[in-house]
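Notes follow the structure.
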Amino acid sequence: MAREAFDYIVVGGGSSGCVAAAQLVTKGNHRVLLLEAGFSHHHPLLDMPPGIFKMINGSKYMKYHTTVPQEHLDGRAHDIPQGNVLGGGSSVNAQVYIRGRAADYDEWDAVLRGNNDGADWSWNAVLKHFRGMEGNNRLHNAAHGADGPLLVSDPGHINELSRWFVQAVQALDEPFNSDFNGPAQRGVGFYQFMNRAGKRSSAAYAFIEPLKDDARLTVRLNAEVQRILIENGRAVGVVYRKDGVEHVVHADGEVIVSSGALVTPKLLMLSGIGSADHLAEHGIECVADLPGVGSNLIDHPEVPITSTTNGRYGYFNQGVGWRMLMNGIQFKLFGSGPVTSAGVEAGAFVNPLDRDAPPTIQAFCVPIVYLDRDTRKSMKDTYGLTITTVVVKPKSRGTVKLRSADPAAMPLVSPNLLKDEEDMRQMMAGQRFFLRAFRTDPLASRIERIALPAAPDPDDDAIREHCKRFVKTNYHPAGTCKMGADGDPMAVLDARMRVRGVESLRVCDMSAVPNINAGNTNAPAMMLGDRCADFILDRN
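Structure follows, in structure tokens:
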């Protein structure tokens, strides 16, 4: 059989991988193979902004990682869904466009420029990547681009509960913020979203779809990579399984891994890159002894506050029966109505313990009873409102480890959400602040009762127990193959996203970050893909 080879192989067609693959083709004129273990992104429920709420609790487009029992949460295990589809998280998320704050990237730069050879990760360095990708429908200035392929828009429809939430938080003396990606993050307002005119703008649509007829890009779906081929200390290709058959493909240039913060470390370990002791436990020969692989797992912890309403407010039953039919007709005829909303329209960034310091809590206003798979039975589905509070710069760290040497086995994931007492302190303060919002007009007069937390006037012990019972992922796992300075023994990557000790191998997804950004991670994931391609092409 003839040797199949490409210039570059990108492993994982998520947000980062789609961008990296597209840029290597268009900027570098290279032949690129993009391997995605999941399915096509073409599906009507994925396309429409609120469709994912019909799929999030069970769908082939999601892969559910169940954590190991968390001792500090009284032995509770919880799910971490990850996209199992071309576009990854950008094809299944709520599309909120948040980049974090400038200090996040300046922090990375301070870490990475300690004794590395010159990769600038400051806010000024990454901003050009964000602006170049962004096609904003309202903003065009030093912080925002208007001509990029990633379509960023104001919400197409705003529910009345979302408006009342924004007004109630303003009544608590928080400023209205018209741009959470602008000069200041603090305040309350309406998010912008990666969609336009009722259609999702995922990494698959923005970056891969325009190249569907380009012979330089080959995309293979349902192709699960088993291991990276390493010869004489250099990554030369991958082995992947498709339709029950193993295939070998070679890279004349580099292999770029972008399988996400839970699967990327698993794949490196299966390929002999990781802690030598841990690999030996599973009979895997160590190629590069990097103990940081699978360490430093960071995620944004999220805890809900949920109420019922005293009227037919919000989105309950808007996706079933005659309401679904009427909403569909309104969208088809006029391009308006609930179908143009991602279901999460408003939010806030606040610091309940020090109002003038950087925000510690992000909030999402969801005009439904919104609970995760393992907690949804705690409350009946009815007309209601959920405000989720999220610790934006958590100190807790977890791990990803191999379950076995079988590539089909899911990794062992222990995120340790809220394990650090400072995270719990911040979360409890966030809960108390937004409980006040529920009791502040114009929201208060529409609330029937606060159902979660269950206690009518919860003390600290009750709030702590509520947080332990309901804390979940904000769908932002990161940091498990972090970039670091040369002297950091836990650094997996150098500042140019190259795997230490192995030539021609890079990681470009959120597992690469030294610390998580303050806010949603999808836009930063795409920036990482763009940055990685520029490093390879020597454009940075």
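Numbering follows my numbering, in which position 76 of the sequence shown is assigned residue number 81; successive positions increment by one, without gaps. Beta carbons are placed, not taken as given, at the ideal position from N, Cα and C, and that holds for glycine.
With a cut-off of 8 angstroms on the beta carbons, I'd call residue 468 and residue 436 a contact; round off their distance for me. 5 angstroms
Do you know offhand how far residue 300's Cα is from residue 453's? In a straight line, the C-alpha of residue 300 is about 44 angstroms away from that of residue 453.
DSSP three-state assignment for residue 186, whether helix, strand or coil: coil
Cβ-Cβ separation, residue 297 to residue 487 (assumed contact under 8 angstroms), whole Å: 6 angstroms
Considering only DSSP beta bridges, list what residue 245 is partnered with. 230 and 252
Would residue 233 and residue 23 qualify as a contact pair, given that the criterion is a beta-carbon distance under 8 angstroms? In this structure, residue 233 keeps its C-beta atom at 8 angstroms or more from the C-beta atom of residue 23.
How many Å lie between residue 527 and residue 103 at the Cα? 8 angstroms
Closest by C-alpha distance to residue 478, when choosing among 309, 90, 531 and 449: 309
DSSP state of residue 388, grouped into three classes? coil
Measuring CA to CA, which of 76, 75, 175 and 187 is closest to residue 108? 187
From residue 343 to residue 316, what does the alpha carbon distance come to, in whole angstroms? So the two alpha carbons sit approximately 18 angstroms from each other.
Length of the line joining the Cα atoms of residue 266 and residue 414: Going by the C-alpha atoms only, they are around 16 angstroms apart.
Work out the CA separation of residue 240 and residue 277 for me, nearest whole Å. 11 angstroms
Quick check on this structure: which residue in 372, 358 and 367 has the alpha carbon closest to the alpha carbon of residue 2? Only positions 6 to 545 of the chain appear in the structure, and residue 2 is not among them; the question remains open.
Same chain, Cβ closer than 6 angstroms to residue 225, neighbours up to 5 away in sequence not counted: 40
Please state the DSSP three-state secondary structure of residue 75. strand
Report the residue from 91, 148, 201 and 489 whose alpha carbon sits nearest the alpha carbon of residue 1. Any property of residue 1 remains undetermined from this structure, which presents the chain solely from 6 to 545.
Could you pull the DSSP bridge partners for residue 313 from this structure? 389 and 454
C-beta atoms of residue 116 and residue 490 nearer than 8 angstroms: yes
Within 10 angstroms of the Cβ of residue 508, are there 16 or more other Cβ atoms? Answer buried if so, exposed if not. exposed
Does the structure place the stretch 244-252 close enough to the stretch 458-465 that three or more beta carbon pairs sit under 8 angstroms? The stretch 458-465 is not in contact with the stretch 244-252.
Give me the residue from 98, 525 and 313 with the minimum Cα distance to residue 455. The shortest C-alpha separation from residue 455 is found at 313.
Every unbroken alpha helix (DSSP H) within the stretch 137-214, with a cutoff of 4 residues, ordered by chain: With a minimum length of 4 residues, the continuous alpha helix (DSSP H) runs that stay inside the stretch 137-214 are 165-176.
Since residue 87 is in the beta strand (DSSP E), which residue starts that stretch and which ends it? That run of the beta strand (DSSP E) goes 84-88.
Option nearest residue 395 by Cα separation, candidates 360, 434, 420 and 359: 434
Identify, in the order they occur along the chain, each residue of the same chain with its Cβ nearer than 6 angstroms to the Cβ of residue 471, setting aside the five sequence neighbours on each side. 458
Quick one: using the 10 Å Cβ neighbour count with 16 as the cut-off for buried, is residue 259 buried or exposed? buried
Looking only at C-alpha atoms, which of 442, 405, 370 and 306 sits nearest to residue 78? 306
For residue 354: DSSP bridge partner residues: 192 and 367
If distances are taken between C-alpha atoms only, which option among 418, 536, 510 and 28 comes closest to residue 215? 28
Cutoff 7 angstroms; reference residue 439; Cβ partners in own chain excluding five residues on either side: 310, 368, 392 and 394
At the level of alpha carbons, what is the spacing between residue 263 and residue 167? 35 angstroms
Which runs of the alpha helix (DSSP H) spanning at least 4 residues fall entirely within the stretch 419-449, listed in chain order? 426-443
The beta strand (DSSP E) spanning residue 345 covers which residue range? Segment: none, residue 345 is in no beta strand (DSSP E) and carries neither H nor E.
Rounded straight-line distance, which links the Cα of residue 290 to that of residue 281: 8 angstroms
Stretch-stretch touch, CB-based, cutoff 8 angstroms, three pairs: the stretch 511-519 with the stretch 536-544: yes
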